[in-house]
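Novice: Residues in the sequence shown are numbered from 909 upward in steps of one, following my numbering.
We put the CB at the ideal spot given by N, CA and C, even for glycine.
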Amino acid sequence: MRVKARRVAVIGAGPAGAIATDALVKEQAFDTVRVFERKSVAGGTWVYSPELSPSIPSLCALLEQKADQPVTIPTDFPCDTNKTESINSYQIRYSDTGIHENLHSNLPPQTMSFTQEPIPNIISERALAQYGPNAPFRHREVIREWVEEIFNHAGHQDLVEFNTTVEHAEKRGDEWVLTLRKLIPEKKRNHWWQEVFDAVVVATGHFSLPYVPDIPGLVEYDQRFPGTVRHSKHFRSTNEFKGMKVVLVGGSVSAFDALHEIRTVSKRPVIASLREPLPAFGWGAFTHPHVVIKPPIARFHADSGQIDFSDGTSIDHADVVLFATGYDFSFPFLDKSKVEIRNRRIRGLYHHVFSISDPTLSFIGMVAGGLTFRVFEWQAVAVARVLAGRATLPPQEDMERWEAERIAKRGDGVGFFSIAQDLEDSFEELGMLAGEPAAGTTGRVLPKYEQSWIEAFQEIVTLRNRWWAQERLKSEACSNPLVEGKL
Ligand SMILES: Cc1cc2nc3c(=O)[nH]c(=O)nc-3n(C[C@H](O)[C@H](O)[C@H](O)COP(=O)(O)OP(=O)(O)OC[C@H]3O[C@@H](n4cnc5c(N)ncnc54)[C@H](O)[C@@H]3O)c2cc1C
Ligand SMILES: NC(=O)c1ccc[n+]([C@@H]2O[C@H](COP(=O)([O-])OP(=O)(O)OC[C@H]3O[C@@H](n4cnc5c(N)ncnc54)[C@H](OP(=O)(O)O)[C@@H]3O)[C@@H](O)[C@H]2O)c1
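(1) How about R1183: is its Cβ closer than 7 Å to a heavy atom in ligand 2?
(2) Is the closest heavy atom of ligand 1 to the C-beta of G1277 under 7 Å?
(3) Alpha carbons only, please: which of A1035, A1193 and A1188 is nearest the one belonging to A1180?
(4) Which of the three DSSP states is assigned to F1208 in this structure?
(5) Taking only the alpha-carbon atoms, compute the straight-line gap between I1272 and D1266 and give it to the nearest angstrom.
(6) Around the C-beta of K1202, are 16 or more other C-beta atoms found within 10 angstroms, so that it is buried, or is it exposed?
(7) On the DSSP letters alone, give me the boundaries of the beta strand (DSSP E) that N1098 sits inside.
(8) Keeping to the same chain, check which residues put their C-beta closer than 6 Å to that of R1282; ignore five residues upstream and five downstream.
(9) Output the distance between the C-alpha atoms of Q977 and P1240, rounded to the nearest integer angstrom.
(10) How would you call A1037, buried or exposed, if buried means at least 16 neighbouring beta carbons within 10 angstroms?
(11) Does the separation of the CB atoms of V1109 and V918 fall below 8 Å?
(12) For R1298, does the three-state DSSP call read helix, strand or coil?
(13) With a 10 Å radius around its C-beta and 16 neighbouring C-beta atoms as the bar for buried, classify E1075 as buried or exposed.
(14) Using CA coordinates, which residue listed in S1162, G1135 and A975 is at the minimum distance from M1152?
(15) Is it right to say N1098 is buried, meaning 16 or more other beta carbons lie within 10 angstroms of its own, or is it exposed?
(16) Let me check you understand the geometry: is the CB of L1167 closer than 7 Å to at least one non-hydrogen atom of ligand 2?
(17) Hey, would you say G1213 sits closer than 8 Å to H1225, going by beta carbons?
(18) Give a single yes or no on whether F1115 has its beta carbon closer than 7 Å to a heavy atom of ligand 2.
(19) With respect to 7 Å, is the separation between the Cβ of P1012 and the closest non-hydrogen atom of ligand 2 below this value?
(20) Does DSSP classify S1263 as helix, strand or coil?
(21) At 3 residues or longer, what runs of the beta strand (DSSP E) sit wholly inside the region 925-971?
(22) Check R914 in the structure and name its three-state DSSP category.
(23) Find out if the Cβ-Cβ distance for the pair V1178, V1154 is shorter than 8 Å.
(24) Between L960 and E1308, what straight-line distance do the alpha-carbon atoms span, to the nearest angstrom?
(25) At a threshold of 7 Å, does A1232 count as lining ligand 2 (C-beta to nearest heavy atom)?
(26) Could you check the C-alpha separation between L1416 and G1319 for me, to the nearest Å?
(27) Reducing DSSP to helix, strand and coil, say where A1226 ends up.
(28) Less than 8 Å between the C-beta atoms of F1231 and V1157, yes or no?
(29) What runs of the beta strand (DSSP E), each 3 residues or longer, lie entirely inside the region 1327-1358?
(30) Give the straight-line distance between the Cα atoms of V1294 and K1079, rounded to the nearest whole angstrom.
(31) Going straight from the alpha carbon of R1046 to that of I1362, what length do you get?
(32) So I1030 is in the alpha helix (DSSP H); what residue range does that whole segment cover?
(33) Using only the alpha-carbon positions, how far apart do G1323 and A921 sit?
(34) Any chance the CB of P1204 is under 7 Å from a heavy atom of ligand 2?
(35) Go ahead and pull the three-state DSSP assignment for G1278.
(36) By the 10 Å Cβ neighbour count, where 16 or more other Cβ atoms means buried, how is M1274 classified, buried or exposed?
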């Protein structure tokens, strides 16, 4: 299947949007590359906004998958409209980020960086104290500035229209019509207009819309005890948990990241409710004298405040139930005919990137399972080459077969878009699709997949487990003076 575009829109200026923009510009095949970003700065998820007080606007809407809906757009363009809650509320639009004050990256910098854009070797005091001078973790602001620098260094910053939300992207004939809304803060007004493109690259991330499991009694509990039910997206600062009795739900990175912040100030023990920890990290994070492990929650009782677990045990009312249960995909600006989300995955994408029914629509960053930033680069270069008409996608039925075979192998749910078990194939197949840059162009060159990336990841697992073990020993020693000599 062959595509040829001259005008390309990129939606989002996070890590995926940054590398997509660079790959498109360096391909030297497009008349127009425009980037639309709803925030005022680049960095995506890595933009920290403590001033935006966090909350879930409607738990019911979230559970019923009715949150983050499309907004009503005007009929004539350009035009200005008044600010309204439904259009401009960061809470209703889920446009704030899930970053807390102490957040650091959790992967080795060489696997998070792009080939020509290393992440700076700046080590925070906290990382130094925990992991020493070779600490591989970088403070959130180092990562945000690194994303910004990818735009600035290459001179792409002028391609970005900040404070601009893509409210609708519609295919009319061979063209994409984007309906755009820019907030003019000093006028307290929304300015609306439309622009036309041949192709759209969606780099809007999948870490905005919290996923909360629909557990019996949860909605009633939330109504009876407002502020108790929270999501890890809304964890901004450890102070919020001072002296509180906390139930932390989830076994993945958000759960263990929050756990070791919260347990230092909360009431002891923290109750960690999970099925299994993330297999790569094991139980190390959850094994601590100030943590009690419980299975998933079976029921909330709004009348008494009691919380039941699936093993038949219960606890009395908690001050906070923090769901570190991940996120859902959400593309309110795309028609359902263009993107379908079912079983918490996107349907109809070849290699998680190209819309099989219309490859002028592509997605960067819609994977999970390690080496995430790196693979964005491979995706971005493949998209740039395909849109330039320099790389060819297989026939539609072959792309459909790829999806069917992957469902058979990985299931038809969240496992579908995790590339953890086929990292090398994911990189190599995208690399083969992209091919080499056209002669005489500045198109990005994709190197070979490196086994050392996995080794670097294994070192992270070892480092983290060592730190958790040290913390465990420290706490045991504090609660039992006889073992103090161990430290
Ligand atoms: C708390 C947390 C920590 C993480 N830590 C790591 C880590 O250490 N290492 C790692 O590899 N991954 C990490 N991730 C996962 C994730 O891969 C990265 O955070 C990364 O930022 C994703 O990049 P992205 O560009 O795809 O999406 P984002 O960074 O989410 O960027 C998307 C951008 O699109 C914009 N946008 C969305 N909708 C619109 C619209 N309609 N119009 C205009 N703009 C729009 C958003 O404002 C945002 O700026 C973390 C995720 C979370 C939630
Ligand atoms: N840099 C950092 O330190 C940092 C911090 C936070 C997040 N992140 C990143 O952010 C992304 C999202 O991570 P995440 O941890 O928020 O989401 P996630 O990886 O999708 O994990 C969600 C977790 O919730 C669990 N869960 C779902 N329903 C549950 C239920 N009913 N009861 C108990 N547990 C339930 C899942 O368990 P099952 O698997 O059993 O369903 C899983 O352990 C990842 O890329 C992660 O690396 C990074």
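Specialist: Result, derived from the coordinates:
(1) In the sequence shown, residue 1183 corresponds to position 275, counting from 1. At least one heavy atom of ligand 2 is nearer than 7 Å to the Cβ of R1183, so yes.
(2) As a first step, residue 1277 must be located in the sequence shown, where it is residue number 369. No, Cβ of G1277 sits at least 7 Å from all heavy atoms of ligand 1.
(3) The residue labelled residue 1180 in the question sits at position 272 within the sequence shown. The option with the nearest alpha carbon to A1180 is A1193.
(4) On the sequence shown, residue 1208 is found 300 positions in, with the first residue counted as 1. In the structure shown, F1208 sits in a strand (DSSP, three-state: E or B).
(5) Locating residue 1272 in the sequence shown gives position 364, counting from the first residue. Locating residue 1266 in the sequence shown gives position 358, counting from the first residue. About 15 Å.
(6) As a position in the sequence shown, residue 1202 is number 294, starting the count at 1. Counting C-beta atoms within 10 angstroms of its own C-beta, K1202 has 16 or more neighbours from the protein chains shown and is therefore classed as buried.
(7) Sequence index remark: in the sequence shown, residue 1098 carries index 190 (1-based). Counting along the chain, the unbroken beta strand (DSSP E) around N1098 starts and ends at R1097 to F1105.
(8) Here residue 1282 is taken as the residue at index 374 of the sequence shown, counted from 1. These residues qualify, in order along the chain: T1019.
(9) What you label residue 977 is simply residue 69 of the sequence shown in a count that begins at 1. What you label residue 1240 is simply residue 332 of the sequence shown in a count that begins at 1. For Q977 and P1240, the distance between alpha carbons rounds to 6 Å.
(10) Position 129 of the sequence shown holds residue 1037. Looking at its Cβ environment, which holds fewer than 16 other Cβ atoms inside 10 Å, A1037 is exposed.
(11) Taking the sequence shown and counting its residues from 1, the one referred to as residue 1109 is at position 201. Taking the sequence shown and counting its residues from 1, the one referred to as residue 918 is at position 10. In contact: V1109 and V918 (Cβ atoms closer than 8 Å).
(12) Translated into the one-based positions of the sequence shown, residue 1298 becomes position 390. Of the three classes helix, strand and coil, the one that applies to R1298 here is coil, per DSSP.
(13) Taking the first residue of the sequence shown as position 1, residue 1075 is located at position 167. E1075 should be labelled buried.
(14) On the sequence shown, position 244 is the one that residue 1152 refers to. When only C-alpha atoms are compared, the closest one is G1135.
(15) Within the sequence shown, numbered from 1, the residue matching residue 1098 stands at position 190. Counting C-beta atoms within 10 angstroms of its own C-beta, N1098 has 16 or more neighbours from the protein chains shown and is therefore classed as buried.
(16) Counting from 1 along the sequence shown, the entry for residue 1167 is found at position 259. Taking the Cβ of L1167 as the reference point, every heavy atom of ligand 2 lies at 7 Å or farther away.
(17) Taking the sequence shown and counting its residues from 1, one reaches residue 1213 at position 305. Taking the sequence shown and counting its residues from 1, one reaches residue 1225 at position 317. For G1213 and H1225, yes; Cβs fall inside 8 Å.
(18) Against the sequence shown, residue 1115 aligns to sequence position 207. Yes, the Cβ of F1115 comes within 7 Å of a heavy atom of ligand 2.
(19) The sequence position of residue 1012 within the sequence shown is 104, counting from 1. The sequence shown places His at residue 1012, rather than the Pro named in the question. H1012: yes, Cβ under 7 Å from ligand 2.
(20) Translated into the one-based positions of the sequence shown, residue 1263 becomes position 355. S1263 sits in a strand when the DSSP states are folded into three classes.
(21) Entirely contained in the region 925-971, the beta strand (DSSP E) runs reaching 3 residues are, in chain order, 940-944.
(22) One-based indexing of the sequence shown puts residue 914 at position 6. Three-state result, R914: coil.
(23) Within the sequence shown, the letter at position 270 stands for residue 1178. Within the sequence shown, the letter at position 246 stands for residue 1154. Yes; because the gap between Cβ atoms is below 8 Å, this pair is in contact.
(24) Counting from one through the sequence shown, the residue named residue 960 turns up at place 52. Counting from one through the sequence shown, the residue named residue 1308 turns up at place 400. The alpha-carbon atoms of L960 and E1308 are separated by roughly 42 Å.
(25) The sequence position of residue 1232 within the sequence shown is 324, counting from 1. Shortest gap from the CB of A1232 to any heavy atom of ligand 2: under 7 Å.
(26) Any answer about residue 1416 is impossible in this case: the structure gives the chain only from 909 up to 1395.
(27) Position 318 of the sequence shown holds residue 1226. DSSP, read as helix, strand or coil, puts A1226 in coil.
(28) Counting from one through the sequence shown, the residue named residue 1231 turns up at place 323. Counting from one through the sequence shown, the residue named residue 1157 turns up at place 249. Yes, they are a contact pair.
(29) DSSP runs (the beta strand (DSSP E)) wholly in the region 1327-1358: none.
(30) On the sequence shown, residue 1294 is found 386 positions in, with the first residue counted as 1. On the sequence shown, residue 1079 is found 171 positions in, with the first residue counted as 1. Going from the Cα of V1294 to the Cα of K1079 covers about 19 Å.
(31) Counting from one through the sequence shown, the residue named residue 1046 turns up at place 138. Counting from one through the sequence shown, the residue named residue 1362 turns up at place 454. Whole-angstrom Cα-Cα distance: 18 Å.
(32) Indexing the sequence shown from 1 puts residue 1030 at position 122. Taken as a continuous stretch (DSSP letters only), I1030 belongs to no alpha helix (DSSP H), as it is neither H nor E.
(33) If you number the sequence shown from 1, residue 1323 lands on position 415. If you number the sequence shown from 1, residue 921 lands on position 13. Their Cα atoms are separated by approximately 26 Å.
(34) As a first step, residue 1204 must be located in the sequence shown, where it is residue number 296. Result yes, Cβ under 7 Å from ligand 2.
(35) By 1-based counting over the sequence shown, the position of residue 1278 is 370. G1278 falls in the coil class under three-state DSSP.
(36) Counted from its first residue, the sequence shown places residue 1274 at position 366. Answer is buried; the Cβ neighbour count reaches 16.
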